[in-house]
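Following: one structure in structure tokens, then a few remarks.
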Amino acid sequence: MQPRDLSDHVAYQAGRGIEEVARELGRDPSEFIKLASNENPHGPSPAAAVAIRETAATVNSYPKAAHADLTAGLADRWGVDDAQIWLGNGGDGAIDYLHRATLEPGDDILVPTPGFAYYGMSARFHHGDVREYPLSKADDFEQTADIVLESYDGERLVWLTSPHNPSGSTIAVDEIERLAEATDEQTLIVVDEAYGEFADVDSAIALIEGRDGYDARDDVATLRTFSKAYGLAGVRLGYAVVPDAWADAYARVNTPFAASELACRAGLAALDDDEHVDRTVETTRDARAAMVERIDAHVWESEGNFVLVDVGEATAVAETMQERGVIVRDCSSFGLPGCIRITCGTEAETEQAIETLNAVLAERDDPAGVSDT
Ligand SMILES: Cc1ncc(COP(=O)(O)O)c(C=O)c1O
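If you use the numbering used here, the sequence shown corresponds to residues 49 to 421, in order.
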């Protein structure tokens, strides 16, 4: 027995964890900070942590009421109908549902490169094929309708990431509208807003609902997650917001109870914990500004909770930083072998990252240390 032909499939390369790195280097985990996976440096929403503890006693039940309550809470937050909220096991789970609902075998999706790897992985699981549109480093990973349209060839689904991972660039809602207008009627534009809370751009939900002067569209959906601003990456909770016209497809494509009781109760509590989100966003803004201003290499302006830095040789720099206790993301796997991505940490973590990186860059420029003597 063999699995089906998986030669086109690639394994997801997650940012490395502290325990994993410490074990590999034979060191103590307390010697490291991790700024590699865009996690929340303040931990989970405290209200969500309480909800998880309280829910522990009832996890023998399937999450039916909790799922309905969270769906209603999110629908209320975004001013949409409950049916338009597709809860999933992380944003990744919602990506799967969108592909399940749209792709016939052999259909193509169009994704940004560099970009988030799971769009392509998920499409392939669903027997789809993947084409790419380039976002140019030289143009600061600018995103416009025309840039996407240059590569567009009637794909069933087009993924936009705003803020974009790994660069932090965004695309304006009117450009998304122009793109949706220019693509085929049967092409769905999905705007991945996993980092939306950190950005100064409006959500594309305005296009789904026909608000803020836009006409309502049935060919735009958005993706959101509790993993970043809410600090719930470990519980796995995300959702899509889809047009009313085909929202009922969820019932036929979702994996039953994939958003767990613990996740739904945590999500409900986190949704009301504005203080935690506000604090997280404020820390992120300060960290971004500090890194842009003080890192001795080019740092792209970012609207996410991370920055991309042009360090020359990403693998060598990331490895040296790791040896010195700061785990960052080597972006070679994104096709950017000159860049690392640094997550916005607490004030102290960000300070440590800046100092460590600047020291590593200075030593690489001047290996013998002669310029100081
Ligand atoms: C651009 C983007 N979209 C979606 C996700 C999925 O997040 P999750 O599955 O944790 O909700 C991530 C995770 O890092 C991401 O960077």
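The beta-carbon is built from N, C-alpha and C at its ideal position, and this holds for glycine as well.
CB contact flag (residue i, residue j, <7 Å)
i    : j    : result
L118 : G315 : yes
L83  : G393 : yes
L197 : A230 : yes
N137 : A269 : no
A105 : A297 : no
V283 : A254 : no
A335 : T404 : no
A193 : L158 : no
M339 : V329 : no
I133 : A142 : no
L205 : D240 : no
L183 : P153 : no
Reference residue i, options the options, closest by Cα
i    : options                   : result
A295 : G65, Y145, G216 and A104  : Y145
C387 : A95, A186, Y278 and H175  : A186
A114 : A364, S308 and A264       : S308
E395 : N406, T368, V355 and T332 : T332
V128 : P415, V290, A401 and Q370 : V290
A95  : T368, A338, H324 and E233 : H324
E411 : E399, T391, V359 and V376 : V359
D177 : L183, H147, E190 and I195 : H147
D156 : F164, L236 and A193       : L236
I66  : P214, I390 and I375       : I375
S93  : A317, D248, G63 and H57   : A317
E245 : Y262, S210, D260 and D232 : S210
T103 : R313, L151 and V329       : R313
W126 : I143, R259 and Y181       : R259
G74  : P415, E371 and L409       : E371
D250 : I224, D326 and R265       : I224
P304 : S55, K112, I256 and M369  : K112
Y278 : D322, Y181, A299 and T368 : D322
D140 : H212, G154, A131 and F164 : F164
L135 : P89, I402 and V301        : V301
D201 : H346, S350, Y181 and I100 : Y181
D188 : R52, E68 and H212         : H212
Reduced DSSP category for residue i - H, G, I as helix; E, B as strand; rest coil
i    : result
P160 : strand
R265 : coil
L271 : strand
V238 : strand
L151 : coil
F189 : coil
C312 : helix
W134 : strand
H115 : helix
T209 : strand
R125 : helix
C387 : strand
I195 : helix
R412 : helix
H57  : coil
P77  : helix
F305 : coil
Y287 : strand
V178 : strand
D183 : Looking at the sequence itself, residue 183 is Leu, so the reference to Asp does not match. Coil.
H346 : strand
CB-CB length for residue i against residue j, believed under 8 Å
i    : j    : result
R179 : E203 : 6 Å
A337 : E87  : Actually they do not touch by this definition, with Cβ atoms about 20 Å apart.
I81  : G373 : 6 Å
V365 : I343 : No, V365 and I343 are not in contact; Cβ-Cβ is about 11 Å, not under 8 Å.
T273 : A242 : 5 Å
P214 : R389 : 4 Å
T363 : S380 : 6 Å
A247 : I256 : Contact doesn't hold; Cβ gap of about 18 Å is too wide.
Buried versus exposed, by CB contacts within 10 Å (16 or more), residue i
i    : result
Q50  : exposed
G91  : exposed
K276 : buried
G216 : buried
D378 : buried
G168 : buried
Q234 : exposed
Q61  : exposed
H175 : exposed
D267 : buried
A59  : exposed
L319 : buried
V238 : buried
R71  : exposed
V107 : exposed
A299 : exposed
S78  : exposed
G352 : buried
A293 : exposed
CB contact below 7 Å: residue i versus chain D
i    : result
R313 : No chain D appears in this structure, which consists of one protein chain only.
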